[in-house]
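To start, the structure itself, in structure tokens.
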Amino acid sequence: MKLSVLPLLPIIITSSAQTAQLPTWPSPIYDHMEELMTQYDGYRKTGFVDGVIFCGFSSNNEPGVMAAAEWIRTGFHDMATADITTGVGGLDASIVFETDRPENPGSAFNSTFGFFSSFMSARASMADLIALGVQVSTRMCGGPLVPYRAGRIDAQAAGPLGVPEPQESLANFTQKFARSGFSAEEMIGLVACGHTLGGVHSKDFPEIVPNGSEPDTTGHFDESRTEFDNFIVTEYLENNSSNPLVVGPAETNSDQRIFASDGNVTMRGLADPDTFAAQCATLFAKMIDTVPKEVQLTPVIVPYEIKPKEIRLTIADNTTLNFAGDIRVRTTVRHASNISIVEIISKGIDNTTQTSLGTKQIFDDGTSFSRDDTFTWYSFSTNVSSSSAIESFTVKLTLANDTVESYDNNGRGFPVQHLLFFQPSASCRGERGNSSTPIDSTVVAAVHQSLLWRSDNPIVRVTARKVRAATPLVPELVENDFSMERWVGDEAPEIPNDYAWFRVTYALDPMAFDLQSFDIISRGDGEGDVLMDDFRKLPFGAGVCGKV
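Just remember that my numbering sits 7 ahead of the position in the sequence shown, which is counted from 1.
What follows is the structure, encoded as structure tokens:
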């Protein structure tokens, strides 16, 4: 199913891209999470939104189960034990180790982890994915665009106890929210925002929702159920609420106690739909940005106007390099039909320049999109002299009205790694055998002659996902370093005199066959003297090594 680009809702964070400084590329974690956040469907879709593509969808086809509500609940339960005084806890994925606690009942968390785990990588922590899940599920259900930052670090063990539970007193609720940094007014708003989707399940809380004819009866929070709206507020104020935490047993009517705690002043303010949307965006952003004190989050992620993807130099023959990649153009405010020419103006190490033309991708009409933005993709490929190479490039758009837009990456140019780069055509991995047989993989890189004096050869740092016994649904990311060796002799392909081949063969856990990335790293003798071609992946399927 294709998504539609909907009219922008009142809280629009992407508009800040027009007034704030645009992000500078590359920024590895920022760039990766920006793609998960913006490329919902179409060309180069990431698939992250598929778990909530229908707001009422359940990945397990369970009646009454709503993945979007589960994703928001997971974010709150992970954050809720934070202590802002000590800086301990917050949204750090410690909940992965806490699902056996009475304060975290139900299958919602494991269902969420099961979906998110396939997106874990060297650039996407489980904590960042949980936070993004809050943002995406809110937006997909018609709610506001929650400001999103990245850079969270996953906890490696359970955190403290302390998620609020329905049977607790108002004083306990207020104290626990305050511990996490939320005022009494913010507590009311966060509970209302968090409970606009989904409901209470009888199998998790039979004392609140008695079992009915179905194996799991759901008491919905409001009648709109699958819409992120303020019905939970208006129904409460009109005394016709079906929310089981308002009209249920007195011992567990926690929403009733919280909503009424200031004489309904906050709830009456939230009865205005625009106010509700604005407050939910603010409160959810505060919730997912509550992180351990040692974590430094990125700036709020906004889409790039121009974003390179899979930019690469490779060896073409014994005198030539190939320079190729994709350019993603944000076409939310300039339709692709209004773009006449896309030029990639590259600069060599000898200051020579060369212009390549971008060609619109054919697959999926070369378009990807989210609920707020559309993007059009242009590919390019050109050969350059190995002695010139490419160190940076800029992008120029010529519109149908002859207006020219130039993008130079905030004055820095878009950098190209020309001293050390992966050669996919000469790299390979073996065919998958049985589940216990390691799979040999070979990575080949071209290294510029100016680096050959370095005392250490380049290494390949492989990041793979390994099943962890304590949390089988959430893998552990493990790194292994393998030293490369100079590749010479009759078997080595031709290469320009400016470069030398290096390669390494390593054994890969068969369970991580399709779930790994690697960095090629060269270290000099000085501190910080590091060159890297990072987050590369081997070609799919069996390869034939040694060919360029």
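Where is the CB? At the ideal position from N, CA and C, for every residue including glycine.
Assuming residue i contacts residue j (C-beta within less than 8 angstroms), just tell me the rounded distance between them.
{"i": "Leu1", "j": "Asp540", "result": "The question about residue 1 has no answer, for the chain in this structure spans 8 to 555."}
{"i": "Met147", "j": "Cys62", "result": "6 angstroms"}
{"i": "Leu29", "j": "Tyr385", "result": "Actually they do not touch by this definition, with Cβ atoms about 18 angstroms apart."}
{"i": "Asp415", "j": "Thr401", "result": "5 angstroms"}
{"i": "Phe525", "j": "Arg543", "result": "6 angstroms"}
{"i": "Thr53", "j": "Gly140", "result": "Thr53 to Gly140, Cβ: 13 angstroms. No contact."}
{"i": "Val469", "j": "Met133", "result": "The pair is not a contact, with the Cβ atoms about 20 angstroms apart (cut-off 8 angstroms)."}
{"i": "Ile239", "j": "Asn250", "result": "6 angstroms"}
{"i": "Val298", "j": "Asp99", "result": "6 angstroms"}
{"i": "Leu177", "j": "Ser268", "result": "6 angstroms"}
{"i": "Pro422", "j": "Ser388", "result": "Pro422 to Ser388, Cβ: 19 angstroms. No contact."}
{"i": "Val336", "j": "Phe382", "result": "7 angstroms"}
{"i": "Phe180", "j": "Gly205", "result": "That belief does not hold up - the Cβ atoms of Phe180 and Gly205 are roughly 19 angstroms apart, past 8 angstroms."}
{"i": "Asp90", "j": "Arg186", "result": "5 angstroms"}
What are the residues that DSSP puts in a beta bridge with residue i?
{"i": "Ala331", "result": "Arg319, Ser388"}
{"i": "Asp269", "result": "The partner list for Asp269 (beta bridge, DSSP) is empty, contrary to what the question assumes."}
{"i": "Ile348", "result": "Thr405"}
{"i": "Glu501", "result": "Partner(s): none; Glu501 has no beta bridge."}
{"i": "Gln523", "result": "Ala471"}
{"i": "Trp508", "result": "Ala453"}
{"i": "Thr383", "result": "Val336, Thr374"}
{"i": "Ile356", "result": "Bridge partners of Ile356: none, in fact."}
{"i": "Cys559", "result": "Residue numbering for the chain in the displayed model covers 8 to 555; residue 559 lies beyond these limits and cannot be assessed."}
{"i": "Glu258", "result": "For Glu258, which the question treats as bridged, DSSP gives no partner whatsoever."}
{"i": "Tyr414", "result": "Val402"}
{"i": "Ser529", "result": "Leu538"}
{"i": "Gly49", "result": "Ser375"}
{"i": "Ile102", "result": "In the DSSP output, where bridge partners are listed per residue, Ile102 has none listed."}
{"i": "Ser128", "result": "Ala131"}
Tell me which residue opens and which closes the alpha helix (DSSP H) that residue i is part of.
{"i": "Asp38", "result": "35 to 45"}
{"i": "Asp447", "result": "Not the alpha helix (DSSP H): Asp447 falls in the beta strand (DSSP E), residues 446 to 455."}
{"i": "Phe184", "result": "177 to 186"}
{"i": "Val254", "result": "251 to 254"}
{"i": "Gln424", "result": "Where Gln424 is concerned, there is no enclosing alpha helix (DSSP H), given that its DSSP letter is neither H nor E."}
{"i": "Leu244", "result": "238 to 244"}
{"i": "Glu193", "result": "191 to 201"}
{"i": "Thr119", "result": "115 to 123"}
{"i": "Gln286", "result": "280 to 295"}
{"i": "His342", "result": "No alpha helix (DSSP H) contains His342, which DSSP labels as neither H nor E."}
{"i": "Gly82", "result": "74 to 86"}
Could you tell me the boundaries of the beta strand (DSSP E) in which residue i lies?
{"i": "Phe428", "result": "427 to 429"}
{"i": "Gly140", "result": "Counting along the chain, Gly140 falls outside any beta strand (DSSP E), though it belongs to the alpha helix (DSSP H) covering 133 to 147."}
{"i": "Glu150", "result": "Residue 150 is actually Gly in this sequence, not Glu. First-last for Gly150: undefined, no H or E at that position."}
{"i": "Arg461", "result": "Unbroken run through Arg461: none, as it is neither H nor E."}
{"i": "Phe542", "result": "537 to 543"}
{"i": "Glu301", "result": "Counting along the chain, Glu301 falls outside any beta strand (DSSP E), and DSSP gives it neither H nor E."}
{"i": "Thr225", "result": "225 to 227"}
{"i": "Phe489", "result": "483 to 490"}
{"i": "Val207", "result": "206 to 208"}
Tell me which same chain residues have a C-beta within less than 7 angstroms of the C-beta of residue i, skipping the five on either side of it?
{"i": "Ala453", "result": "Ile322, Phe428, Gln430, Ile502, Tyr506, Trp508"}
{"i": "Ala499", "result": "Trp508"}
{"i": "Ser347", "result": "Thr405, Leu406, Ala407"}
{"i": "Ser11", "result": "Below a pLDDT of 50, predicted positions are generally treated as unreliable, and Ser11, at 40, falls in that range; the measurement from the model is reported next regardless. Counting only Cβ-Cβ distances below 7 angstroms, and skipping sequence neighbours, we find nothing."}
{"i": "Asp324", "result": "Glu501"}
{"i": "Ile18", "result": "In this prediction, Ile18 scores a pLDDT of 31, lower than 50, which makes its location untrustworthy; the coordinate-derived value is nonetheless stated afterwards. Cβ neighbours of Ile18 beyond the five flanking positions: Pro151, Leu152, Ala284, Ala285, Ala288."}
{"i": "Phe370", "result": "Tyr50"}
{"i": "Lys9", "result": "Unreliable positioning characterises Lys9 in this predicted model, as indicated by a pLDDT of 41, which lies under 50. The coordinate reading is nonetheless provided below. Excluding sequence neighbours, Lys9 sits near Asp48."}
{"i": "Asp211", "result": "Pro112, Gly113"}
{"i": "Gln456", "result": "Asp505, Tyr506, Ala507"}
{"i": "Asn218", "result": "Ser209, Thr224"}
{"i": "Gly94", "result": "Pro299, Lys300"}
Report all residues from its chain with a CB closer than 6 angstroms to the CB of residue i; omit the five preceding and five following residues, and keep chain order.
{"i": "Ala27", "result": "At Ala27 the pLDDT is 48, less than 50, meaning the model places this residue with poor confidence; the figure from the coordinates comes in the next sentence. Excluding sequence neighbours, Ala27 sits near nothing in its chain."}
{"i": "Val537", "result": "Arg530"}
{"i": "Asn464", "result": "Ser490, Met491"}
{"i": "His202", "result": "Phe228, Ile239"}
{"i": "Thr305", "result": "Tyr37, Arg156, Ala157, Gly158"}
Can you list, in chain order, the residues of its chain whose CB lies under 8 angstroms from that of residue i, leaving out five sequence neighbours each side?
{"i": "Thr196", "result": "Note that residue 196 is Gly in the sequence shown, not Thr. For Gly196, where only same-chain residues beyond five positions count, the Cβ hits under 8 angstroms are Thr273, Leu277, Gln286, Cys287, Leu290."}
{"i": "Leu459", "result": "Ala507"}
{"i": "Asp372", "result": "Gly49, Tyr50"}
Exercise. Check whether the region 31 to 45 touches the region 147 to 157, taking contact to mean three or more Cβ pairs, one atom from each stretch, closer than 8 angstroms.
Key: Yes, since at least three Cβ pairs between the region 31 to 45 and the region 147 to 157 fall closer than 8 angstroms, the two stretches touch.
Quiz item: Touch check for the region 112 to 128 and the region 341 to 355: three-plus C-beta pairs under 8 angstroms?
Solution: By the Cβ rule, the region 112 to 128 does not count as touching the region 341 to 355, because fewer than three pairs are nearer than 8 angstroms.
Exercise. Say whether the region 258 to 266 touches the region 98 to 113, bearing in mind that this needs 3 or more beta-carbon pairs closer than 8 angstroms, one atom from each stretch.
Key: Look at the beta carbons and you see the region 258 to 266 not touching the region 98 to 113: under three pairs across the two are nearer than 8 angstroms.
Self-check item: At least 3 beta-carbon pairs within less than 8 angstroms: the region 324 to 334 vs the region 172 to 190
Solution: Between the region 324 to 334 and the region 172 to 190 there are fewer than three C-beta pairs closer than 8 angstroms, too few to call the two in contact.
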